[in-house]
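**Q** In my numbering, the protein residues as written are 796 to 985.
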Amino acid sequence: MNMEQFEGAELHLHITGSISAALVPWWIHLLRQVQPGLTVNVSVTRSAARFVAVRSLRHLANGQVWTDSWDEAGLPPEVNSGESGNSECFIIFPATLDTLMRLSQGRADSPALLMLQVTTRPIVIADTLPGSNEIVESNLRNLRLRSNIGFAPRVTGVRASDRSTAEVGFNLPGAITLANEMVEKGRPRE
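#1: Can you tell which of LEU898, THR951, ALA907 and ARG916 has the C-alpha that lies nearest to the C-alpha of SER933?
#2: For the candidate residues GLY812, ASP922, GLN830 and ALA907, whose alpha-carbon lies nearest to that of GLU867?
#3: Going by beta carbon distance, what residues of the same chain come within less than 7 Å of ASN937, once the five residues before and after it are set aside?
#4: Give the C-beta separation of ALA890 and VAL847 to the nearest angstrom, bearing in mind that I take them to be a contact with Cβ-Cβ under 8 Å.
#5: Report yes or no: do three or more beta-carbon pairs, one from the segment 801-808 and one from the segment 875-892, lie closer than 8 Å?
#6: Please report the distance separating the alpha-carbon of ARG954 from that of MET798.
#7: What's the C-alpha gap between VAL931 and THR923?
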């Protein structure tokens, strides 16, 4: 598989609760194989932990790995300032409908949502939306108003429920390409 390298030194993956979360360990493994020097920090929602073991992510990622809960013993203190280690961008991978609606509403009721609400760093959304309607589209338009948010390019995927095809943003290579563009735009010119 041909995948562009992230041009920074550190990034953060926020994993939310979708069946697609079960595929994230493979993507982290590939990302670290393609770019061994990259530090990958990871946060995992409680609903995502139903699909992927946090313990396995701790072995695969080489940065901070924590559960998105105020009770998490290993919660990094810098989340309150919109940071995760020295991550230069955040990728929500996969981004569920619930997470996107909460982010759009400005909610900060979990450590990761607080971090994402207050960060000025780029946020790339790799969505796995089950469908759409006027309310969903309104909230997505609201997210697009934020200058630091972008959506990964859509690809054809296969639904777990009935194996039909659908257009989704669950596309790490596309998310990395967009992250590079967004980080570059935010860097001062030399």
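All residues carry an ideal CB built from backbone N, CA and C; glycine is no exception.
**A** In short, the structure shows the following:
#1: Of the candidates LEU898, THR951, ALA907 and ARG916, the one whose C-alpha sits nearest the C-alpha of SER933 is LEU898.
#2: ALA907
#3: SER899
#4: With a Cβ gap of about 15 Å, ALA890 and VAL847 do not count as contacting.
#5: yes
#6: 23 Å
#7: 13 Å
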